[in-house]
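What follows is a single structure, written as structure tokens, with notes after it.
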Amino acid sequence: MELSESEPITVLMMRGYGDRIRSYNEVTHLFNDSFPERNPISRSAVEKTIKRFEETGSVKNRPRSGRPRSATTEEKCLEVMQSIVENPHASTNSMSTQLGISQSSVCKVLHQHKFKPYKIHLVHELNEDDFDHRVEFCDEMMTNIDNRTITLNDIVFSDEATFMLNGEVNRHNSRLWSDTN
60 MELSESEPIT VLMMRGYGDR IRSYNEVTHL FNDSFPERNP ISRSAVEKTI
110 KRFEETGSVK NRPRSGRPRS ATTEEKCLEV MQSIVENPHA STNSMSTQLG
160 ISQSSVCKVL HQHKFKPYKI HLVHELNEDD FDHRVEFCDE MMTNIDNRTI
210 TLNDIVFSDE ATFMLNGEVN RHNSRLWSDT N
């Protein structure tokens with residue numbers, strides 16, 4: 060369990076100094092009894108905190124090893140979040156191009172801030188007259204087919220996709236990024 064800023068100092072004070080030094084187990088039990096509302100700490104957390112203080116003279120965590128974060132720095136995170144707030148319909152691909160970071164980094168930032176892509180579903184509202192209109196339409200189509208004024212080859216069946224000749228895009232691939240449903 061990770062300790063907050065003031066807790067390592069409390070652990071050191073509970074450990075004692077000189078000829079009044081408590082064992083790691085005693086410090087663990089004393090700390091957990093003193094702070095029952097907090098998740099209990101382990102013996103190894105106490106031992107690591109004390110050894111870190113003895114080696115470095117500080118209770119602060121050592122600098123992390125490895126390559127520093129470059130794509131998901133706080134500035135880039137703020138840019139991604141500002142971009143998604145301004146345009147929640149933007150794709151991760153367009154945001155990555157606009158901000159100059161990879162698409163996976165954009166997805167990582169959105170995931171860290173609990174944003175998810177939601178698909179917009181348009182539902183048809185049915186009025187009281189709609190049932191009657193549908194029955195009338197079916198009767199009229201059956202009459203036309205029986206009279207051979209229309210054949211089934213004259214009818215285009217679709218899956219409710221929107222096809223526009225003026226270049227408008229349908230909503231099948233449209234997503235809305237939000238942290239709430």
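Quick note: the sequence shown uses the working numbering, first residue 60, plus one each step. Ideal Cβ positions, reconstructed from N, Cα and C, are used throughout, including at glycine.
Its chain contains Arg234 as the residues whose beta carbon lies nearer than 7 Å to that of Lys178, once the 5 sequence neighbours on both sides are disregarded; these appear in chain order.
Note that the C-beta distance between Val70 and Phe90 is below 8 Å. Looking at the backbone, the Cα of Glu96 and that of His172 are separated by about 27 Å.
Beta-bridge analysis with DSSP links Tyr177 to Leu235. Using a Cβ distance threshold of 8 Å, Asn84 and Arg102 count as a contacting pair. Here the alpha carbons of Ser237 and Thr156 stand approximately 20 Å from one another. Judged by beta-carbon spacing, Leu169 lies beyond the 8 Å limit of Ile209, meaning their Cβ atoms are not closer than that value.
In this structure Ser164 is buried. Its beta-carbon is surrounded by 16 or more other beta-carbon atoms within 10 angstroms.
In this structure, the straight-line span from the alpha carbon of Glu184 to that of Ser129 is close to 49 Å. For the pair Ser65 and Arg81, the Cα-to-Cα distance works out to about 19 Å.
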